[in-house]
Amino acid sequence: MSQPQPRTASSVADCRADFPILEQCISGAPLVYLDSAASAQQPAAVIDAVARYQREDHANVHRGVHTLSHRATEAYEGARDKLRDFINAASRREIVFTSGTTESINLVAQSYCRPRIGAGDKILITHLEHHANIVPWQILCEQTGAELLVAPIDDAGQVELDALLAMMTDDVFILAISHVSNALGTISPIADIIATAKERGIPVLVDGAQGVPHLAIDVRALDCDFYAFSGHKMFGPTGTGVLYGRESLLDAMPPYQGGGDMILEVSFEATVYNELPYKFEAGTPNISGCVGLGAAVDYLQSVGMQRIADYEHELHDYMVAELKAIDGIRLIGQATEKASVQSFLLDDIHSHDLGTILDHQGVAIRTGHHCAMPVMQHFGISGTARASLALYNNEDDVNRLTEAVLKAKQVFA
Amino acid sequence: MTNEVEAAQQELIDDFSLFDDWMDRYQYLIDLGRRLPEFPESLRTEENRIRGCQSQVWFVAEEKEGRLEFRAISDAAIVSGLIAVLLRLYSGRYPQDIIDTPPDFVKALQLESHLSPTRSNGLSSMLTAIRGFAAEALQAA
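Read top to bottom, the protein sequences are chains A and B.
Residue 0 is where the first sequence starts when you use numbering that gives the first Met the number 0, and the numbers rise one by one after that.
Residue 0 is where the second sequence starts when you use numbering that gives the first Met the number 0, and the numbers rise one by one after that.
This is the structure:
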């Protein structure tokens, strides 16, 4: 049997045609979507997979003896197998479906950490984190008396490694760190960081929401204990996500929520919990969403994650160079290793004003604090304009962005 | 009979009808914002801040001889322009006139996209605040 031909790097740009939503005009101009870091668009393959499932296969999973229930279960569990393969987890038991990165992190905070920690224990994060990797730990600290430690960042927007390593002391119960910063695009050297944490016996959770869409992920090579990510950032449906957890850790954790599907036997005297990963999937899951997420994995693998990373890297460098050339621009976040995102400010224009004027030219960017207020505080600003790239963007999009920014400059002159 | 708010609204709509290009409309809005009267630092308090805006907005109301006077400012230019429009329509008016006049200018000036609370740029919150002040003044009277 002949293998499907992988696309060449130069043809990754052709992916644009796979995304129906991009074929529209906004304010009379063809849409330029540069907000994939907030939510990525879905290829027709994902949209169709969800629709087909809804039209032909839907029923509840794991329960029925009838044909549709079998089909639904197969589709749902098939998606789990795809996700396992996608991040190279050792077992499908390590793939817990959640509603997204936020729930994945909360699950670890409440189910792994909460029963085991108390006053005197420390939780280590960095100054780069998204609120989803800050607030669950703050809640945990309030509940248990543990203390939150925050590793500093430098003015390029990179975690200060020496400081982080120095903060990894015996009393640190867990390190929670983002793979890629959503606000600045900084790729943190998590493999090295995890290696040091392992030496010191500190478990590591990686917030991979912005890592998964742009980089090939191998959780076994990384040797992390938890890797959390969202479906909608990787071209899948919203309300889907994954918590990868090392099996030995997941096994030892109590359930996060109680309900149907997460039990083997219920009586009023004693309830026996289901095996992994179902112990953590109480209630009817987002079946159609997970089917779509599985289709997104198929799609990404048909293009090839390494090709996507290479293509985006080139496009990112082009975008940064083009933005840099604009008089009055201030780039926020200039890490050596970055993925697909550039935050910036123009003259003294409020980022919200800039976003409004760009929208009128059909260019969609994100403005504001990007759910990373501490990052903004580090730079002494209230927000930025942020352009983020995905595999469907191309040089034309970047050119339209710079033209739109120049026009905004005129409007506010 | 046309009330003062209605008259001011019609005038505003006529002014903006001169522009057929969105850029000109925005430039005019931004110019209006730049000409807003000085807003004292002492009034930029948490209490006077309108929440739920991506940009910062401070808003105060005062009653003088039966009329409501508003002062406001934002750190964003377009929002400041929206404030200028709101002050032109509603500041120095009778509360009853404010309540009685539907904000037709939003549609006429093609500012609908600014009205959705999810755009969180404050037009919606500011309109709610103005009408709230007017309702309060009427109740107190």
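Virtual Cβ for every residue (Gly too), placed ideally from N, Cα, C.
Going by the CB atoms, is the gap between residue j and residue i shorter than 8 Å?
i	j	result
A/K337	A/H368	no
B/E27	A/V410	In the sequence as presented, Glu is not what sits at residue 27 of chain B; that position holds Tyr. No; because the gap between Cβ atoms is not below 8 Å, this pair is not in contact.
A/V31	A/R399	yes
A/I192	A/L147	no
A/V397	A/Y310	no
A/A295	A/G235	yes
A/N87	A/V218	yes
A/A215	A/A89	no
A/L221	A/I189	yes
A/L248	A/D224	yes
A/L174	A/L127	no
A/A36	A/R365	yes
A/I331	A/F378	yes
A/G431	A/P29	Since the first residue shown for chain A is 0 and the last is 412, residue 431 of chain A is missing from the structure and cannot be characterised.
A/S98	A/V241	no
Whose C-beta lies closer than 8 Å to the C-beta of residue i among residues of the same chain, with five residues either side of it excluded?
i	result
B/I72	L35, F38, R43, V56, W57, S79, I82
A/Q53	S287
B/L108	L11, I12, F15, R24, V84
A/A58	H65, L67, S68, R70, A71
B/N47	W57, F58, V59
A/A108	P135, W136, I138, L139
B/I98	R130, A133, A134, L137
Does residue i come within less than 8 Å of chain B when only Cβ atoms are used?
i	result
A/T72	no
A/A8	Unreliable positioning characterises A/A8 in this predicted model, as indicated by a pLDDT of 44, which lies under 50. A coordinate reading is not provided.
A/T237	no
A/Q2	Confidence at A/Q2 is low in this model, with a pLDDT of 47, below 50, so the placement of that residue is unreliable and no value is reported for it.
A/V158	no
A/D346	no
A/I356	yes
A/V134	no
A/H359	yes
A/V410	yes
A/D352	yes
Under 8 Å, Cβ to Cβ, is there at least one residue of chain A near residue i?
i	result
B/S54	yes
B/W21	yes
B/D74	yes
B/Y93	no
B/Y27	no
B/I77	yes
B/A83	no
Among the candidates the options, whose CA atom is the shortest distance from the CA of residue i?
i	options	result
A/Y75	A/E402, A/R91, A/S387	A/R91
B/P94	B/E46, B/A7, B/A133	B/A133
A/V211	A/G200, A/L82, A/F228, A/A36	A/F228
A/A407	B/R66, B/I77, B/V4, B/F18	B/I77
A/M304	A/L275, A/M233, A/A384	A/M233
A/Q40	A/F343, A/T97, A/G230, A/K197	A/G230
A/T168	A/H377, A/K121, A/P253	A/K121
B/M0	B/T100, B/F104, B/I129, B/G65	B/T100
B/E40	B/A128, B/R33, B/R70, B/E64	B/R70
B/P105	B/R66, B/S123, B/D96	Per the sequence shown, the amino acid found at residue 105 of chain B is Val instead of Pro. That would be B/S123, whose Cα lies nearest to the Cα of B/V105.
A/P114	A/L299, A/G293, A/G291, A/A251	A/A251
B/D74	A/G382, A/E394, A/I356	A/G382
Excluding sequence positions up to five away, which residues of its chain have a Cβ less than 6 Å from the Cβ of residue i?
i	result
A/A118	G144
A/I116	T143, A145, F172
A/D358	none
A/T237	H231
B/S90	E68, F69
A/S180	L127
A/H129	N181, C370, A371
Residues of chain E with CB closer than 7 Å to the CB of residue i, please, in chain order.
i	result
A/H349	Among the protein chains in the structure shown, which are A and B, there is no chain E.
Once the 5 residues before and after residue i are set aside, which same chain residues still bring their CB inside 7 Å of it?
i	result
A/T101	A131
B/R87	A7, L11
A/V149	I124, T125, H126
A/T401	E321, L322, I325
A/V158	T125, L127, A150, I152, S187
A/V302	R6, V11, C14, L390
A/Y277	D260, M261
A/R199	M167
A/D56	L67, R70, A71, A74
Examine the ligand GTP and report whether any of its heavy atoms sits within less than 7 Å of the Cβ of residue i.
i	result
A/D358	This structure does not include the ligand GTP; it has no bound ligands of any sort.
- [ ] Say whether the stretch 201 to 215 of chain A touches the stretch 149 to 164 of chain A, bearing in mind that this needs 3 or more beta-carbon pairs closer than 8 Å, one atom from each stretch.
- [x] no
TODO: Would you check if there are 3 or more beta carbon pairs closer than 8 Å linking the stretch 324 to 339 of chain A to the stretch 352 to 359 of chain A?
DONE: no
TODO: Take every Cβ of the stretch 23 to 41 of chain A, pair it with every Cβ of the stretch 271 to 279 of chain A, and state whether three or more of those distances are shorter than 8 Å.
DONE: no
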